[in-house]
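What follows is one structure encoded as structure tokens, with my remarks underneath.
Numbering (the UniProt record's numbering), first residue to last: 1 to 310.
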């Protein structure tokens, strides 16, 4: 059994998974054995949509979090390490500064993967061990900070696309009020609808029997809809929400002030600014794909990165 470390550095957060891979004889249904999972909101992509560059402050926030991860990886004795960096570092003019920082801090360079590879890693992590009643083909939607991945498949990926639509990007582009104005919400909705329609024209998402939603926007919507008083991954993982529940949380988050969103018990402080846009993306996917429910997964690209080290 090998111990591996996977790091996913996105536009909004950086996450670590140290896990033991199952032995080769354990069979196709075997699962990763988590040693630790950690997440920090670092907003690496803050302002990238406007400036085209990673800010020195954002790079420094990421360095501090990554240094902590490097110490944990060494302490836990991981044999292999892979760090994947996604949307923000694909877009930035000064991505070399980020890569140099990671190499110095972690001892290995980040892999700035394509949108298609990001989508395939997310799919691999998401579809392992789905609950009964989750029938293929699956539409896996990973709502990130700067981009959203749409992947359709069964036992393997059949089609995938990454579009420049995420909770941070849509918030910075459109939702400036506290709370956002009706005009701002309308502009964001038009942008999100166009992006979702483009994705669903590229992959056969409307043919899917099960929608699987990934990342913090989805899991936070689930936690709010379930009325949780604290974030509980065990109660969120593989929970199923209907469209009406998603629509209500979306409307509530868009109508709330930042202070009101921060007061929600399960709200991470770094997500309060962007949850409205993230929920809008999820709601719009369900509307445009005509899928009545979503299965949330705590397993996503991070787990896919770990599986890729087997």
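Beta carbons are placed, not taken as given, at the ideal position from N, Cα and C, and that holds for glycine. Small disclaimer: the values here were computed from a predicted structure and weren't measured.
Label residue 112 either buried or exposed according to how many other C-beta atoms from any shown protein chain fall within 10 Å of its C-beta, with 16 as the threshold for buried. In the chain shown, the residue the question calls residue 112 occupies position 112. That one is buried.
Decide if residue 261 is buried, meaning its Cβ has at least 16 other Cβ atoms within 10 Å, or exposed. As a working mapping, residue 261 is identified with position 261 in the chain shown. Buried is the call here.
Give the single residue among 96, 196, 180 and 190 whose Cα lies nearest to the Cα of residue 275. Here residue 275 is taken as the residue at index 275 of the chain shown, counted from 1. Checked all of 96, 196, 180 and 190; the closest Cα to residue 275 is 180.
Identified DSSP bridge partners for residue 294: As a working mapping, residue 294 is identified with position 294 in the chain shown. Per DSSP, 241.
Tell me whether residue 25 is buried or exposed, calling it buried when 16 or more other Cβ atoms sit within 10 Å of its Cβ. Along the chain shown, one-based indexing puts residue 25 at 25. Any reading at residue 25 must be qualified, since the residue scores a pLDDT of 48, below 50, and its modelled position is unreliable; no value is offered.
Please report the straight-line C-alpha distance between residue 18 and residue 37, rounded to a whole angstrom. Position 18 of the chain shown, counting from 1, holds the residue named residue 18. Position 37 of the chain shown, counting from 1, holds the residue named residue 37. Looking at the two C-alpha atoms, the distance is approximately 7 Å.
With DSSP collapsed to three states, give me the class of residue 21. Residue numbering aside, residue 21 sits at position 21 when the chain shown is read from its first letter. If DSSP states are grouped into helix, strand and coil, residue 21 belongs with coil.
Which residues share a DSSP beta bridge with residue 157? Residue mapping note: residue 157 aligns to position 157 of the chain shown, counting from 1. Looking at the DSSP assignment, residue 157 forms a beta bridge with 153.
Using beta-carbon positions only, say whether residue 8 and residue 302 come within less than 9 Å of one another. The sequence position of residue 8 within the chain shown is 8, counting from 1. The sequence position of residue 302 within the chain shown is 302, counting from 1. The answer is yes: Cβ separation under 9 Å.
Which term fits residue 265, buried or exposed, when burial requires 16 or more other beta carbons within 10 angstroms of its beta carbon? Stepping through the chain shown from its first residue, residue 265 is reached at position 265. Answer is exposed; the Cβ neighbour count stays below 16.
Beta-carbon spacing of residue 119, residue 138 below 9 Å: Working through the chain shown from its first residue, we reach residue 119 at position 119. Working through the chain shown from its first residue, we reach residue 138 at position 138. For residue 119 and residue 138, no; Cβs fall outside 9 Å.
Kindly list the residues whose CB is nearer than 7 Å to the CB of residue 318, restricted to its own chain and excluding five residues on each side of it in sequence; keep chain order. Examination of residue 318 is not possible in this model, given that the chain is present from 1 through 310 alone.
Within 9 Å, strictly: CB atoms of residue 76 and residue 142: On the chain shown, residue 76 is found 76 positions in, with the first residue counted as 1. On the chain shown, residue 142 is found 142 positions in, with the first residue counted as 1. It is not a contact, given that the beta carbons lie outside the stated cut-off.
For residue 213, which three-state DSSP category applies? As a working mapping, residue 213 is identified with position 213 in the chain shown. Note: residue 213 maps to strand in three-state DSSP.
Buried versus exposed call for residue 242 [16 or more other C-beta atoms within 10 Å across all chains shown]: Position 242 of the chain shown holds residue 242. So residue 242 counts as exposed.
How is the alpha helix (DSSP H) around residue 280 delimited, first residue to last? Counting from 1 along the chain shown, the entry for residue 280 is found at position 280. Residue 280 -> alpha helix (DSSP H) spans 275-289.
Distance, residue 279 Cα to residue 203 Cα: Residue 203 sits at position 203 when you count from the first residue of the chain shown. Residue 279 sits at position 279 when you count from the first residue of the chain shown. Going from the Cα of residue 203 to the Cα of residue 279 covers about 21 Å.
Alpha carbon to alpha carbon, what distance is there between residue 226 and residue 73? For the purposes of this step, residue 73 is taken as the residue at position 73 of the chain shown. For the purposes of this step, residue 226 is taken as the residue at position 226 of the chain shown. So the two alpha carbons sit approximately 34 Å from each other.
Contact check, residue 49 vs residue 198 under 8 Å by CB: the rounded distance? To locate residue 49, count along the chain shown from 1; it is residue 49. To locate residue 198, count along the chain shown from 1; it is residue 198. Not a contact, Cβ separation roughly 18 Å.
Just mark residue 83 as buried or exposed, buried being the case when its beta carbon has 16 or more other beta carbons within 10 Å. Looking up residue 83 in the chain shown gives position 83. Buried is the call here.
Residue from 102, 96 and 78 with nearest C-alpha to residue 65: Working through the chain shown from its first residue, we reach residue 65 at position 65. Closest by alpha carbon: 102.
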